[in-house]
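Okay, structure first, notes after.
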Amino acid sequence: MSKKAIGIFDSGLGGLTILKALRRTLPHENLIYFGDSANVPYGSKSKQTVTRFSIDIARFLESQGVKMIVVACNTASALALPTLRKQCHVPVIGVIEPGAKKAAASTKNGRIAVLGTEGTVKSNAYATAILKYTPHARIKQQSCPLFVPLVEENWTKKPAALLIAQDYLSSVRRHRADTVILGCTHYPVLKKVIAHVLGPKVTLIDSAQTVAQAVQTFLRENNIQETVGKGKLTVYASDDPARFKRLATHLLADKIATVYLKKLNA
Ligand code: DGL
Numbered sequence: 077m078s079k080k081a082i083g084i085f086d087s088g089l090g091g092l093t094i095l096k097a098l099r100r101t102l103p104h105e106n107l108i109y110f111g112d113s114a115n116v117p118y119g120s121k122s123k124q125t126v127t128r129f130s131i132d133i134a135r136f137l138e139s140q141g142v143k144m145i146v147v148a149c150n151t152a153s154a155l156a157l158p159t160l161r162k163q164c165h166v167p168v169i170g171v172i173e174p175g176a177k178k179a180a181a182s183t184k185n186g187r188i189a190v191l192g193t194e195g196t197v198k199s200n201a202y203a204t205a206i207l208k209y210t211p212h213a214r215i216k217q218q219s220c221p222l223f224v225p226l227v228e229e230n231w232t233k234k235p236a237a238l239l240i241a242q243d244y245l246s247s248v249r250r251h252r253a254d255t256v257i258l259g260c261t262h263y264p265v266l267k268k269v270i271a272h273v274l275g276p277k278v279t280l281i282d283s284a285q286t287v288a289q290a291v292q293t294f295l296r297e298n299n300i301q302e303t304v305g306k307g308k309l310t311v312y313a314s315d316d317p318a319r320f321k322r323l324a325t326h327l328l329a330d331k332i333a334t335v336y337l338k339k340l341n342a
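Taking our numbering, the leading residue of the sequence shown gets 77, the next gets one more, and so forth.
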């Protein structure tokens with residue numbers, strides 16, 4: 077049993093899809109979410125830059141006394157996880173491994189597609205992880221850089237979202253993938269549009285629930301799971317907390333009391 081919080085971070089709003097699953101699975105845990113709204117998007121930035129942002133955030137979360145950190149961002153998981161694990165004093169869980177494992181278990185025709193940011197796709201982190209579980213898989217990776225601003229601007233229901241999705245997903249359709257990983261935590265917010273373009277026969281892998289389960293297993297195994305009381309949520313953003321609060325409230329479909337401003341390196 078531990079009153080210490082779980083720290084979660086993303087470049088912006090996308091990690092809230094993981095936060096949602098964590099709250100459902102672990103209702104007694106205190107959670108601290110950090111959205112790096114000053115630096116979003118991470119997807120088009122270098123490994124060095126994403127690693128620097130990730131370490132700054134992890135240090136801040138550690139200063140808040142968290143018992144573990146969930147990197148609710150595929151780009152940061154793909155580019156910065158080993159460094160984070162080396163530099164943090166608490167355990168760090170990423171989002172790539174659980175999604176890759178789930179996709180490998182789901183595919184019937186061995187054709188898997190990964191949708192991710194440019195950084196995630198370039199890193200090959202998903203392909204490497206998938207091939208560990210299913211060595212003969214045929215993998216198509218597609219970066220979808222415009223998906224992140226669509227989510228950050230709350231444009232997911234506009235016709236532009238459908239047009240952009242049709243363009244990005246044409247290569248996935250040609251690949252005849254039966255399983256498609258939503259390899260960026262922003263993309264589940266566009267799930268309806270993606271599912272509409274790919275059709276009902278394609279399984280979409282949203283790793284939020286799998287990640288929440290992995291966190292639960294870790295807490296149980298280490299006997300640090302909180303089992304009583306209602307967990308408290310604290311949210312920080314590195315820029316414009318009022319805007320972050322408005323969009324996050326909409327995305328979570330739940331009230332957030334306050335979003336605090338925390339500038340990195342300030
Ligand atoms: N949501 C993040 C991810 O999972 C980052 C997207 C971005 O900032 O480009 O990759």
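Using N, Cα and C, we set each Cβ at its ideal position, and we do this for glycine too. From a predicted model like this one, the values you see are computed outputs, not experimental measurements.
- When secondary structure is reduced to three states using DSSP, aspartate 132 falls in the helix class.
- By the Cβ rule, the segment 298 to 318 counts as touching the segment 111 to 128, because three or more pairs are nearer than 8 Å.
- Our two residues, glutamate 229 and alanine 271, have alpha carbons roughly 21 Å apart in a direct line.
- The alpha-carbon of arginine 249 is positioned some 17 Å away from that of tyrosine 263.
- In the three-state DSSP reduction, glutamine 218 falls in the strand class (E or B).
- With distances taken between CA atoms, threonine 93 lies nearest to Val265 out of Asp243, Val265 and Lys338.
- Nearest C-alpha to glycine 170 among Leu222, Thr261 and Gln218: Thr261.
- Taking 8 Å as the cut-off, the Cβ atoms of alanine 176 and alanine 205 count as close.
- In this chain, arginine 252 is not harboured by any beta strand (DSSP E), its DSSP state being neither H nor E.
- Within 10 angstroms of the beta-carbon of tyrosine 312 lie 16 or more other beta-carbons, which makes it buried.
- Residue pairing by DSSP places phenylalanine 85 opposite Phe110 and Val147 in a beta bridge.
- Nearest to glutamate 302 by alpha-carbon distance, out of Gly88, Leu107, Gly90 and Leu95, is Leu107.
- Judged by DSSP in its simplified three-state form, threonine 193 adopts coil rather than helix or strand.
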